[in-house]
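Protein chains in written order, with our numbering: chain A, -18 to 243; chain B, 542 to 854.
Backbone N, C-alpha and C define an ideal beta-carbon position, used for all residues, glycine too.
The structure appears right after this line, and notes come after that.
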């Protein structure tokens, strides 16, 4: 048990040090989320949106930043090794993918949580919008949904990197942007064409956003949003854990792990 | 006898390309058995399959066919246990660029599940063993090549491995740093009895460090033995060149054991023997019996480089 915790702590240790020492990771926490938040928030002010419409937009933009930062940490647990060409050293050690996921998700929650706290404070001070208005319990459930969605995206990036190598690294930044289009970050999914809405229905983030927005008075497009989102994210995470193991097995077969270390 | 590495008929083919698959046979039936506690060297030209072989032993690549047992365990079934008991260090060391020497060692020690107390003790021990204490707080990206290589070796010992795989551990290093690293590896093998399999392109290093050499070419083990045995097998031998005065019969060495050939003229001869240490006293006796006066005598030993070239041809 102690050994399991130590191996998990290894990934926490690595991600925290790399975050502390690299300027781009600080930009991910402070610069980009604030820029996105302020530009969208000010646009909402300029458009003189109703308070509930402003709530809709701000919940979207903050969620987007939290998911992006948190999923990057899960991806980084592998990508730091890929960039430093040290993949083989990590993968010959007796630590498993479960340690990688748990350790990196802990740092992801710390970083994503920091982004949320900063933007929550900024929302309150600049746009007079209170994220705690629906209550602490629902807020925690919403955040948990965001973090699990982020873990899902991060694991998917790992699957792509094990399968396609360095070519897939770009997925770490582009996947969330794709989700932005179909999950209704800036608009309700009900306005999307039918076939895109079908895609929205397959992504848990759609339901977590609807759950939280409902607490600000927006009628959700779908029913049982919290249950559906939670169930879906758990099923996807289990499926991804199976898939990431299969991708790792395939990478060992094709020699991709060696290529990632050269 | 217990074996650290037991490999039978190991085959690995890599395929590349999506539509039109291109296949490359990296290993074509490797057989090798390295006893526990031994220090062996794997030599071979570029592309011979050395790295693929080490990667299979360290579970980075899965074999396609054949039996692979590491430390008495099957690599396919007991990968996790093998991973705990072995480690790998490679030349051109690469580690997390922003982490210091100490942090890098600590990170890998954690990956091997070492508890906090043991971890601290092991880190101090390794920093001391590789003279890394003064660099402990320096980031990997700021280290010299030699120090990076020392870190790579230090990392490979975090779990006190029973089997150590060294992939060109002194490549690109200054001679003095390379020598210090060789000394440390040798000491480690002598004092702890760690089984070591090393690849290198430095023939002198292989000759100094290893007990036996395995020569791999085009995915097959071509020869295994001590350097002297390999020289004998290839009939490379040593050349004894003698300048003399006197009448020496052309057939004076005929039938003598260990003589591969003689080139002789009026005042000199070149004798190719399997081992000059063994044959020279007899040759000198013969020359004395024939009342030959020796003006000059030179010995040219063939070395492992000659063996390498002969096998690589």
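Within 7 Å (strictly less), CB to CB, does residue 67 (chain A) reach chain B? Counting from one through the first chain, the residue named residue 67 (chain A) turns up at place 86. By this cut-off, residue 67 (chain A) is an interface position.
Taking all protein chains shown into account, do 16 or more other C-beta atoms lie within 10 angstroms of the C-beta of residue 54 (chain A), making it buried, or fewer, making it exposed? Position 73 of the first chain, counting from 1, holds the residue named residue 54 (chain A). Buried, by the Cβ-count rule.
Chain B partners of residue 238 (chain A), CB-CB under 9 Å? In the first chain, counting from the first residue as 1, residue 238 (chain A) sits at position 257. 596, 601, 602, listed in chain order.
Just tell me which of A:31, A:181, A:-9, A:208 has its CA closest to the CA of residue 125 (chain A). Taking the first residue of the first chain as position 1, residue 125 (chain A) is located at position 144. With distances taken between Cα atoms, residue 125 (chain A) lies closest to A:208.
Do you know how far the Cα of residue 161 (chain A) is from the Cα of residue 177 (chain A)? Position 196 of the first chain holds residue 177 (chain A). Position 180 of the first chain holds residue 161 (chain A). In a straight line, the C-alpha of residue 177 (chain A) is about 12 Å away from that of residue 161 (chain A).
According to DSSP, residue 566 (chain B) sits in a beta bridge with which residue or residues? Locating residue 566 (chain B) in the second chain gives position 25, where the first residue counts as 1. BP columns for residue 566 (chain B) point to B:554.
Could you compute how far the alpha carbon of residue 800 (chain B) sits from the alpha carbon of residue 811 (chain B)? Within the second chain, residue 800 (chain B) is the residue found at index 259, counting from 1. Within the second chain, residue 811 (chain B) is the residue found at index 270, counting from 1. About 11 Å.
At 8 Å on the CB atoms, spell out the chain A contacts of residue 555 (chain B), in chain order. One-based indexing of the second chain puts residue 555 (chain B) at position 14. Going along chain A in sequence order, the residues near residue 555 (chain B) (Cβ under 8 Å) are 235, 236.
Provide the residue span of the beta strand (DSSP E) that contains residue 761 (chain B), from first to last. Along the second chain, one-based indexing puts residue 761 (chain B) at 220. Residue 761 (chain B) -> beta strand (DSSP E) spans 761 to 766.
Cutoff 8 Å; reference residue 640 (chain B); Cβ partners in own chain excluding five residues on either side: By 1-based counting over the second chain, the position of residue 640 (chain B) is 99. 648, 680, 681, listed in sequence order.
When you compare the CB of residue 638 (chain B) with every CB in chain A, is at least one pair closer than 7 Å? Counting from 1 along the second chain, the entry for residue 638 (chain B) is found at position 97. Closer than 7 Å to some Cβ of chain A, the Cβ of residue 638 (chain B) qualifies, so yes.
Here's the rule I'm using: 16 or more other beta-carbon atoms within 10 Å means buried, otherwise exposed. How should residue 117 (chain A) be labelled? Residue 117 (chain A) sits at position 136 when you count from the first residue of the first chain. Classification for residue 117 (chain A): exposed.
Mapping DSSP to helix, strand and coil, what is residue 154 (chain A)? Position 173 of the first chain, counted from the start, is the residue given in the question as residue 154 (chain A). Reduced to three states, the DSSP call for residue 154 (chain A) is helix.
Chain A partners of residue 624 (chain B), CB-CB under 8 Å? The residue labelled residue 624 (chain B) in the question sits at position 83 within the second chain. 73, 74, 75, listed in chain order.
Identify the contact partners of residue 85 (chain A) in chain B, using a Cβ-Cβ distance below 8 Å as the criterion. Walking along the first chain from the start, residue 85 (chain A) turns up at place 104. Chain B residues near residue 85 (chain A): none, gap ~13 Å exceeds 8 Å.
Given a limit of 9 Å on CB to CB distance, which residues of the segment 649 to 669 of chain B reach chain A? 649, 650, 651, 652, 653, 654, 655, 656, 657, 660
Would you report the Cα separation of residue 627 (chain B) and residue 725 (chain B), rounded to the nearest angstrom? Residue numbering aside, residue 627 (chain B) sits at position 86 when the second chain is read from its first letter. Residue numbering aside, residue 725 (chain B) sits at position 184 when the second chain is read from its first letter. Going by the C-alpha atoms only, they are around 18 Å apart.
DSSP puts residue 608 (chain B) in a beta bridge; with which residues? Within the second chain, residue 608 (chain B) is the residue found at index 67, counting from 1. Its beta-bridge partners are B:549.
So who's on the other strand from residue 628 (chain B), going by DSSP bridges? Along the second chain, one-based indexing puts residue 628 (chain B) at 87. Residue 628 (chain B) pairs with B:705.
State buried or exposed for residue 7 (chain A), treating a residue as buried only when at least 16 other CB atoms are found within 10 Å of its CB. On the first chain, position 26 is the one that residue 7 (chain A) refers to. Label assigned to residue 7 (chain A): exposed.
Can you pull the chain A neighbours of residue 696 (chain B), defined as C-beta to C-beta under 9 Å? Numbered from 1 along the second chain, position 155 holds the residue referred to as residue 696 (chain B). 70, listed in chain order.
Quick one, which of B:854, B:849, B:821 has its alpha-carbon nearest residue 841 (chain B)'s? Here residue 841 (chain B) corresponds to residue number 300 of the second chain, with the count starting at 1. Closest by alpha carbon: B:821.
Starting from the beta carbon of residue 621 (chain B), find every residue of chain A whose beta carbon is closer than 7 Å, and list them in chain order. Against the second chain, residue 621 (chain B) aligns to sequence position 80. Within 7 Å Cβ-Cβ: 75.
Shorter than 7 Å from the beta carbon of residue -4 (chain A) to some beta carbon of chain B? Indexing the first chain from 1 puts residue -4 (chain A) at position 15. No, no contact with chain B.
Which residues in chain A sit within 9 Å of residue 644 (chain B), going by Cβ to Cβ distance? Position 103 of the second chain holds residue 644 (chain B). Chain A residues near residue 644 (chain B): -6, -5, -2.
Run through chain B and tell me which residues come within less than 7 Å of residue -9 (chain A), C-beta to C-beta. To locate residue -9 (chain A), count along the first chain from 1; it is residue 10. The answer, in chain order, is 648, 651, 652.
Residue range of the unbroken beta strand (DSSP E) whose run includes residue 785 (chain B): In the second chain, counting from the first residue as 1, residue 785 (chain B) sits at position 244. Start and end: 779 to 786.
Restricting to Cα atoms, I'd like to know which of A:123, A:236, A:-9 is closest to residue 45 (chain A). Residue numbering aside, residue 45 (chain A) sits at position 64 when the first chain is read from its first letter. Comparing Cα-Cα distances from residue 45 (chain A) to each of A:123, A:236, A:-9, the minimum goes to A:123.
Along the chain, where does the beta strand (DSSP E) that runs through residue 740 (chain B) open and close? For this step, residue 740 (chain B) is matched to residue 199 along the second chain. From DSSP, the beta strand (DSSP E) with residue 740 (chain B) extends over 736 to 740.
Does the contact criterion of 3 or more C-beta pairs under 8 Å hold for the segment 86 to 95 of chain A versus the segment 153 to 160 of chain A? no
Under 8 Å by beta carbon: chain B residues contacting residue 61 (chain A): Counting from 1 along the first chain, the entry for residue 61 (chain A) is found at position 80. Those within 8 Å of residue 61 (chain A) in chain B are 637.
How big is the Cα-Cα spacing for residue 146 (chain A) and residue 242 (chain A)? Start at 1 with the first residue of the first chain, and residue 146 (chain A) comes out as number 165. Start at 1 with the first residue of the first chain, and residue 242 (chain A) comes out as number 261. Cα to Cα, the separation comes out at about 10 Å.
How would you list, in chain order, the residues of chain B whose beta-carbon sits under 7 Å from the beta-carbon of residue -16 (chain A)? The residue you call residue -16 (chain A) lines up with position 3 of the first chain. 654, listed in chain order.
Express the C-alpha separation of residue 79 (chain A) and residue 754 (chain B) in angstroms, rounding to a whole number. Position 213 of the second chain, counting from 1, holds the residue named residue 754 (chain B). Position 98 of the first chain, counting from 1, holds the residue named residue 79 (chain A). Rounded to whole angstroms, residue 754 (chain B) to residue 79 (chain A) spans 40 Å at the Cα level.
When B:644, B:577, B:555 are compared against residue 2 (chain A), the one with the closest alpha-carbon: Start at 1 with the first residue of the first chain, and residue 2 (chain A) comes out as number 21. Checked all of B:644, B:577, B:555; the closest Cα to residue 2 (chain A) is B:644.
Just curious, the beta strand (DSSP E) that residue 811 (chain B) is in, first and last residue? By 1-based counting over the second chain, the position of residue 811 (chain B) is 270. 809 to 814 is the span of the beta strand (DSSP E), which, as asked, contains residue 811 (chain B).
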